[in-house]
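Which chain is which? The protein sequence lines are A and B, in order. Numbering that gives the first Met the number 0 applies: residue 0 is where the first sequence begins, and numbers increase by one. Numbering that gives the first Met the number 0 applies: residue 0 is where the second sequence begins, and numbers increase by one. Ideal Cβ positions, reconstructed from N, Cα and C, are used throughout, including at glycine. Please read these numbers as outputs of a predicted model, since none were measured by experiment.
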Amino acid sequence: MSIKSLSFLLFVFVVFCIYYAVQKTNLQKFVILAASIVCMVSMSSVAATALVGVLALCVYGIALRMEALIQRNGGTGGQKTKNQGRGLLFFGAFLDIGLLLYFKFFQNTYHLLQDCFATKNITLAELVVPIGLSYYTLALYGYLSDIYHKKCPAEKNFLLFLTYVTYFPAIIEGPINLYQKLAPQFRERHSFDGNRVVMGLQRCLWGYFKKVVIADRIGILVMGILQDDTAVGPLLFYAMVLYSFQIYTDFSGGIDVIMGISEMLDIRLTENFRSPLVSGSVTEYWARWHISLGVFMEKYIYYPIALNRKVMKVSKKIPNKYLSKAFSSALASFIVFIIVGIWHGTGWNYVVYGLYQAAFVAGAVLLAPVYKKMKSALHVDDKTLKWKIFTILRTFTILVFGRILIKSADMYQVGELLQRMFADANPHALFDGTIYQYGLDYKNVFLLYACIVLVIIVDILHEKGVHFRELLMRQGIVFRYAVYYAAVFSIIVFGIYGPEFHSADFIYQAF
Amino acid sequence: MKKRAIGSVKVVVFLLGFCLIFMQMQKVLHYRWDFYTYSTNLYMKEQPENSYDVIFLGSSDLKTAVYPLAMFQTNGITSFNCAMSDNTSAFSAYYLLEYLLRYQNPKVVCCDFSALYDEKLPSERETPYRKIVETMPDRDLKWKMIKDIHEMDPEQSALSYLFPMLRYHGIWNELKEENFEEDYVYHDLYEDYNNGCTLINGTYEEKEPYDISPAMWETEPSEEPLSALNVEWYDKLIALCQEKDIRVAAVFPPSLGESYDHAARWETTKAYLESRGVDMIDYNCYDAVHRLELNVATDYIDDTHMSYRGSLKLSPDLAYILYDRYGIPDRRGTEEAAQWEAQWDAFCEDFGIEETN
Chain A
0 MSIKSLSFLL FVFVVFCIYY AVQKTNLQKF VILAASIVCM VSMSSVAATA
50 LVGVLALCVY GIALRMEALI QRNGGTGGQK TKNQGRGLLF FGAFLDIGLL
100 LYFKFFQNTY HLLQDCFATK NITLAELVVP IGLSYYTLAL YGYLSDIYHK
150 KCPAEKNFLL FLTYVTYFPA IIEGPINLYQ KLAPQFRERH SFDGNRVVMG
200 LQRCLWGYFK KVVIADRIGI LVMGILQDDT AVGPLLFYAM VLYSFQIYTD
250 FSGGIDVIMG ISEMLDIRLT ENFRSPLVSG SVTEYWARWH ISLGVFMEKY
300 IYYPIALNRK VMKVSKKIPN KYLSKAFSSA LASFIVFIIV GIWHGTGWNY
350 VVYGLYQAAF VAGAVLLAPV YKKMKSALHV DDKTLKWKIF TILRTFTILV
400 FGRILIKSAD MYQVGELLQR MFADANPHAL FDGTIYQYGL DYKNVFLLYA
450 CIVLVIIVDI LHEKGVHFRE LLMRQGIVFR YAVYYAAVFS IIVFGIYGPE
500 FHSADFIYQA F
Chain B
0 MKKRAIGSVK VVVFLLGFCL IFMQMQKVLH YRWDFYTYST NLYMKEQPEN
50 SYDVIFLGSS DLKTAVYPLA MFQTNGITSF NCAMSDNTSA FSAYYLLEYL
100 LRYQNPKVVC CDFSALYDEK LPSERETPYR KIVETMPDRD LKWKMIKDIH
150 EMDPEQSALS YLFPMLRYHG IWNELKEENF EEDYVYHDLY EDYNNGCTLI
200 NGTYEEKEPY DISPAMWETE PSEEPLSALN VEWYDKLIAL CQEKDIRVAA
250 VFPPSLGESY DHAARWETTK AYLESRGVDM IDYNCYDAVH RLELNVATDY
300 IDDTHMSYRG SLKLSPDLAY ILYDRYGIPD RRGTEEAAQW EAQWDAFCED
350 FGIEETN
């Protein structure tokens, strides 16, 4: 069951109906739990879902035990209690993050094992990765850490805890939800509110438009160009620029659908994107892109490292005053981004991707005084629109090159792609019709450009405080319906779904 | 309560509007099949019962090879050529026949069994399946077909058959004037004389015309298996005919481009047909081609499709065989004959034919 499938839409509709049918009872959380289990089973497998259930049970038990240890000594705790608590935290992290690392790194080893056993006519069961593993494993670690640091109480109700872990919209693509923000909402009763449901539907429509019309359309062109071994120079750069838009519209589109569904159910999730296209620096980009991952990294990795006593001790040894202050921040950034890189995928190219991002983020911190002097020397006014546009384009270009690392299978392919990209500087291929050979004709490419411009405009307006959904809700019903119909039929007509239509396959010569 | 009622009305109005717009858009955004496909079904539905003693089913090879009016001229056999272009699907042949038998009661069904060796699923070759479903006027039969297709090949979404716009939405960037017109209506097309046959006034232009020789059928027998998928549906077609006491004949048109394959598969084909009690009339062999004095240059337009000249040679011969084997009544001199004669005259006039067979 894919998020784009009609069966998923039907599933959400059924959940929605049952959810509000029981709104006067305390059963809504169980409806969510049941829906989440059904969703997990259909998107991965029964075994994978059971594994997640076992993980949740372990973390639930560990959290309760940790809290009991903390409370036993009146919250102060002796050293033994503290060590036991820390031990439990590490054990929980080992189980939790270990499962994530296992599926990320050892799948290939398992496949090799399968091949080995196959030669002896022994079939090992297929390893099905539980859906959403990358999201709730981090969320569970955050939960354990918060219990350990007494930032929130441990959840006593296992079913409620399981609902938090498996909350079905979020397991698909995130966001990573902190326990304190999401779980309490499952205790509340949520009444039907027509306006809220309509707002949620609007967001879903926008999400599907981005995913099905834009992202999947870009995907055809990008794949076509990257698979062409003769494509060089600006054509490749063009493909990577498009890929940047693809990844944004695909990811943010999916998140919009998830947020829209949650809004319909009156569940508020952490926003995951805040107009990243208008970022003026890589640091700003990561504050606007995949925000929930950034918040998690900041809270559980960055600050623990940056404020670590041993790190501070090393910082103080640095003679330069500014660097001494910036060192811990820069080190923490490096470690965070290496983890971010690995979180995105296995392989050295992902590690390099993390280092690439870290270099800019940490570099911005370490070189801040140098940049300030340069701007002063060049009389740059960083409040002007020209400078803002420059920084946005600069940041976008940096990120485009970064995406080469995650688009490639390995470092060899990265090198090959870069080599081909700089092999030719002639942009003729972008204007002589070559791009229409890669699966999209000129009408589709034109539509694509129009959609990308629309996304940029929406992001810019959103940044300026213009919220389209609220604006739309204030309009008359005829106008609103016209907009809804336009959105729905744009997705139906222009969406990339089903087998591609080629008229040649249907025309039988002259008959 | 009032708020809820207003809200419900708004939802209903929205959904109604959606359905209306969807249906209107679907009239534009769907594939336009050739007119024969639309017309055949509608035409057959409106003809008087028992208008046709023989019905032909198959692909375009048969569609160009058999001319019903020429058969009528020979010995008064009334027939209709329901073969369809690109119809390599026993499923399509079966359901087309099931539809036709609701309105006609032929004595013989002639099928070219062109899909016997084609194992392609609907997702691998959509045309014959989509064509037959989308042009089927009967809703119950349409729904039955959609369910069967989805069972055969779960990749084929039932919704995309019910609502073709979901399949053909990509046609938006190829829209022409005809997409905004109504689909073909048969009345404009069946005042003429085709009776389902594609009459092509052309000559062979594929390459240099060649002499037909026995060597074209000389090959080793092949062990290519029959298509389980299509055998299942051909068996249903045969069973349907047997149920209604209709004889089934396998008619193989002289498709020169498939002569080797046909010859190589012959033993397997023959064994299958004999086991089902199906008669065989094989024109795809040197003896038949030689007997009919077929000439590539004038009687064919390509290696598999005959011109009208070729059809005028084959059709009378076929009429004699069918008359001889099945005792099909001679309808010349009856009330309906006048229409057949008038159509024949119109055909002769248009094609400049002075003598009739």
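- When the beta-carbon positions are compared, F493(A) and V212(A) come within less than 7 Å of each other.
- As far as DSSP is concerned, V457(A) takes part in no beta bridge.
- Rounded to the nearest whole angstrom, the C-alpha separation of P275(A) and L100(A) is 29 Å.
- Contact between the region 42-50 of chain B and the region 100-113 of chain B is present, with at least three C-beta pairs closer than 8 Å.
- Residue contact check for G6(B) against chain A: a CB pair falls below 7 Å.
- With a minimum length of 4 residues, the unbroken runs of alpha helix (DSSP H) contained wholly in the region 335-416 of chain A fall at 347-365, 367-376, 384-406.
- For V108(B), the enclosing beta strand (DSSP E) covers residues 107-110.
- Taking C-beta atoms under 8 Å as the contact rule, L241(A) and Y437(A) fail to qualify, at a distance of about 10 Å.
- Between V313(A) and S332(A), the C-beta spacing is not below 7 Å.
- For A249(B), there is no enclosing alpha helix (DSSP H); the enclosing beta strand (DSSP E) covers residues 246-251.
- Within the same chain, G173, P174, I254, H289, I290, S291 come within 7 Å of N271(A) by CB-CB distance, once the 5 residues on both sides are set aside.
- Counting every other CB atom within 10 Å of its CB across the protein chains shown gives I388(A) a total below 16, marking it as exposed.
- Among the residues of chain B, those whose CB is under 8 Å from the CB of D440(A) are N172, following chain order.
- With respect to the C-alpha of T197(B), the residue from D60(B), E340(B), W343(B) having the closest C-alpha is D60(B).
- At a Cβ-Cβ threshold of 7 Å, K23(A) and T162(A) do not count as neighbours.
- Straight-line spacing of the CA atoms in L111(A) and P129(A) works out to 20 Å.
- For V10(B), no pairing in a beta bridge is given by DSSP.
- In the structure shown, F79(B) adopts extended strand secondary structure according to DSSP, grouped into three states.
- Judged by pairs of C-beta atoms under 8 Å, the region 74-91 of chain B touches the region 321-337 of chain B, as three or more such pairs exist.
- Among the residues of the region 147-181 of chain B, those with a Cβ less than 8 Å away from any Cβ of chain A are S156, L158, S159, M164, L165, R166, Y167, H168, G169, I170, W171, N172, E173, in the order of the chain.
- Cβ contact annotation for L161(B) (same chain, cutoff 7 Å, sequence separation greater than five): I145, in chain order.
- For L404(A), the closest of L322(A), M239(A), G86(A), M373(A) by C-alpha to C-alpha distance is M239(A).
- With contacts defined as CB atoms closer than 7 Å, V107(B) and R246(B) qualify as a contacting pair.
- For F17(B), the chain A residues whose Cβ falls inside 8 Å of its Cβ are Y484, V487, in order along the chain.
- The beta carbon of G497(A) falls within 7 Å of a beta carbon belonging to chain B, placing the residue at that interface.
- One thing to note: M410(A) has its Cβ within 7 Å of the Cβ of N348(A).
- Among the residues facing chain B, G193(A) is included, as its CB has a counterpart in that chain under 7 Å away.
- Counting C-beta pairs with one atom in each stretch, the region 295-306 of chain B and the region 249-264 of chain B have three or more that are closer than 8 Å, which means they touch.
- Residues are counted here when their Cβ sits less than 8 Å from a Cβ of chain B; for the region 403-434 of chain A the count is zero.
- Spanning the alpha carbons of M0(B) and S261(A) requires a straight line of approximately 25 Å.
- Per the DSSP secondary-structure output, W288(A) pairs in a beta bridge with F272(A).
- Within 10 angstroms of the beta-carbon of M373(A) lie fewer than 16 other beta-carbons, which makes it exposed.
- Around the beta carbon of I36(A), 16 or more other beta carbons lie within 10 angstroms, which makes this residue buried.
- Taking C-beta separations shorter than 6 Å and ignoring five residues to either side along the sequence, the partners of I317(A) in its chain run S323, F326, following chain order.
- Following the DSSP letters along the chain, one finds M279(B) inside the beta strand (DSSP E) bounded by residues 278-281.
- The contact set of M24(B) on chain A, defined by CB atoms closer than 9 Å, consists of F488, I491, V492 in chain order.
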